[in-house]
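Chains as they are written, first to last, in the working numbering: chain A, 1 to 110; chain B, 1 to 113. See structure below.
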Amino acid sequence: RKEVEQDPGPFNVPEGATVAFNCTYSNSASQSFFWYRQDCRKEPKLLMSVYSSGNEDGRFTAQLNRASQYISLLIRDSKLSDSATYLCVVPPWGFQKLVFGTGTRLLVSP
Amino acid sequence: DAGVIQSPRHEVTEMGQEVTLRCKPISGHDYLFWYRQTMMRGLELLIYFNNNVPIDDSGMPEDRFSAKMPNASFSTLKIQPSEPRDSAVYFCAWGTGDYNEQFFGPGTRLTVL
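Put into structure tokens, the structure is as follows:
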């Protein structure tokens, strides 16, 4: 089993839609989790951090289910500018390094 | 701007040539990371430093790759000799050690012909 697994997509949604991505991880000891966003030909940028059961920032909600070892990212009222690849990131506990999923591509259309 | 300068931004070279990639993070960080990204393999950690000391280089593909961090504000990743399969985007990132958050530079797009 891969350390971090994501559905690669693409997810094609219209503007205003709600879309959710899931990410599963294998290391049950991991304590912190992240969602990064990467635009085409750009660097990954931190979108949200999740340290407990979840986090919410405007239209974005991240939830953590430790029992089932998955993290989800919910985007409400999708905008054209949300089109990007969303990377799930899980650091092994006790280490500074990050393990990245392969990313889920989102395309928001008018 | 995540406070990381990488140079060059683009590099095209021929197989067998030496390539040196540079990273200048903002001061005050504790950790520096080098990543490589390809379509096939995604984002992979190559090596990371803590207070200028290499901590984990298990991701370095082979002896052709080497990395140094002579001081807190400068790091290099060298490939010698380069091969076409080294073509990728190489990112440098910094972290403070707080909650594992990392901040990426703009990357160097390397093409080896």
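Beta carbons are placed, not taken as given, at the ideal position from N, Cα and C, and that holds for glycine.
Counting only beta-carbon separations shorter than 9 Å, does residue 57 of chain B have a partner in chain A? Here residue 57 of chain B corresponds to residue number 57 of the second sequence, with the count starting at 1. No - not a single Cβ of chain A is within 9 Å of the one on residue 57 of chain B.
Given residue 60 of chain B, which residues of its chain have a CB within under 6 Å of its CB, disregarding the five upstream and five downstream residues? Here residue 60 of chain B is taken as the residue at index 60 of the second sequence, counted from 1. Once the five neighbours on either side are set aside, the close Cβ partners of residue 60 of chain B are 46, 47.
DSSP state of residue 113 of chain B mapped onto helix, strand, coil: Mapped onto the second sequence, residue 113 of chain B falls at position 113. Correct three-state label for residue 113 of chain B: coil.
In whole angstroms, give me the CA-to-CA distance for residue 51 of chain A and residue 76 of chain A. As a working note, residue 51 of chain A is residue 51 in the first sequence. As a working note, residue 76 of chain A is residue 76 in the first sequence. Rounded to whole angstroms, residue 51 of chain A to residue 76 of chain A spans 21 Å at the Cα level.
Looking at the structure shown, is residue 77 of chain B part of a helix, part of a strand, or coil, going by DSSP? On the second sequence, residue 77 of chain B is found 77 positions in, with the first residue counted as 1. Looking at residue 77 of chain B - three-state DSSP - the assignment turns out to be strand.
Is the Cβ of residue 33 of chain B closer than 9 Å to any Cβ of chain A? One-based indexing of the second sequence puts residue 33 of chain B at position 33. Interface residue, yes.
Residue from B/14, B/85, B/16, B/33 whose Cα sits closest to the Cα of residue 72 of chain B: By 1-based counting over the second sequence, the position of residue 72 of chain B is 72. The option with the nearest alpha carbon to residue 72 of chain B is B/33.
Which residues share a DSSP beta bridge with residue 48 of chain A? Counting from 1 along the first sequence, the entry for residue 48 of chain A is found at position 48. Partner(s): A/35.
Using alpha carbons as the reference points, say which of A/95, A/65, A/46 lies closest to residue 86 of chain A. For the purposes of this step, residue 86 of chain A is identified with residue 86 of the first sequence, where counting begins at 1. Looking at the Cα atoms, A/46 is the closest of the given residues.
Assuming residue 19 of chain A and residue 101 of chain A form a contact by the criterion Cβ under 8 Å, report the distance between their Cβ atoms to the nearest whole angstrom. In the first sequence, the residue the question calls residue 19 of chain A occupies position 19. In the first sequence, the residue the question calls residue 101 of chain A occupies position 101. The pair is not a contact, with the Cβ atoms about 16 Å apart (cut-off 8 Å).
Counting beta carbon pairs with one atom in the region 14–33 of chain B and one in the region 94–106 of chain B, are three or more of them shorter than 8 Å? yes
What is the C-beta distance between residue 14 of chain B and residue 113 of chain B, in whole angstroms, given that I count them as a contact (C-beta under 8 Å)? Your numbering for residue 14 of chain B matches position 14 in the second sequence. Your numbering for residue 113 of chain B matches position 113 in the second sequence. That pair is a contact at about 5 Å.
Decide yes or no for the touch test of the region 68–84 of chain A against the region 17–32 of chain A: beta carbon pairs closer than 8 Å, at least 3 of them. yes
Give me the DSSP bridge partner(s) of residue 8 of chain B. Against the second sequence, residue 8 of chain B aligns to sequence position 8. DSSP lists no partner for residue 8 of chain B.
Please compile the residues from chain A whose C-beta is within a distance smaller than 8 Å of the C-beta of residue 62 of chain B. Within the second sequence, residue 62 of chain B is the residue found at index 62, counting from 1. Residues of chain A passing the Cβ test: none, with the nearest at roughly 19 Å.
Minimum Cβ-Cβ distance from residue 101 of chain B to chain A less than 9 Å: Position 101 of the second sequence, counted from the first residue, corresponds to residue 101 of chain B. Yes, because at least one Cβ of chain A sits closer than 9 Å to the Cβ of residue 101 of chain B.
What is the DSSP secondary structure of residue 57 of chain B, reduced to helix, strand or coil? Start at 1 with the first residue of the second sequence, and residue 57 of chain B comes out as number 57. Coil, per DSSP.
Between the Cα of residue 63 of chain B and those of B/82, B/110, B/4, B/102, spot the shortest distance and give me the residue it belongs to. Counting from one through the second sequence, the residue named residue 63 of chain B turns up at place 63. Measuring from the Cα of residue 63 of chain B, the nearest candidate turns out to be B/82.
In terms of alpha-carbon separation, which member of B/69, B/24, B/43 lies closest to residue 88 of chain B? The residue given as residue 88 of chain B occupies position 88 in the second sequence. Of B/69, B/24, B/43, the residue nearest in Cα terms is B/43.
Residue 48 of chain B: contacting residues in chain A (beta-carbon distance under 8 Å): For the purposes of this step, residue 48 of chain B is taken as the residue at position 48 of the second sequence. Result: 96, 97.
Expressed to the nearest angstrom, what Euclidean distance is found between the alpha-carbon atoms of residue 55 of chain B and residue 38 of chain B? On the second sequence, residue 55 of chain B is found 55 positions in, with the first residue counted as 1. On the second sequence, residue 38 of chain B is found 38 positions in, with the first residue counted as 1. Roughly 24 Å separates the two Cα atoms.
Could you name the residues of chain A that residue 130 of chain B contacts, counting a contact when the two beta carbons are closer than 9 Å? Outside the shown range of chain B (1 to 113) lies residue 130 of chain B, about which nothing can therefore be said.
Simplified DSSP state of residue 57 of chain A, which is helix, strand or coil: Your numbering for residue 57 of chain A matches position 57 in the first sequence. Strand.
Does any residue of chain A bring its CB to less than 9 Å from the CB of residue 54 of chain B? Residue mapping note: residue 54 of chain B aligns to position 54 of the second sequence, counting from 1. So, not an interface residue.
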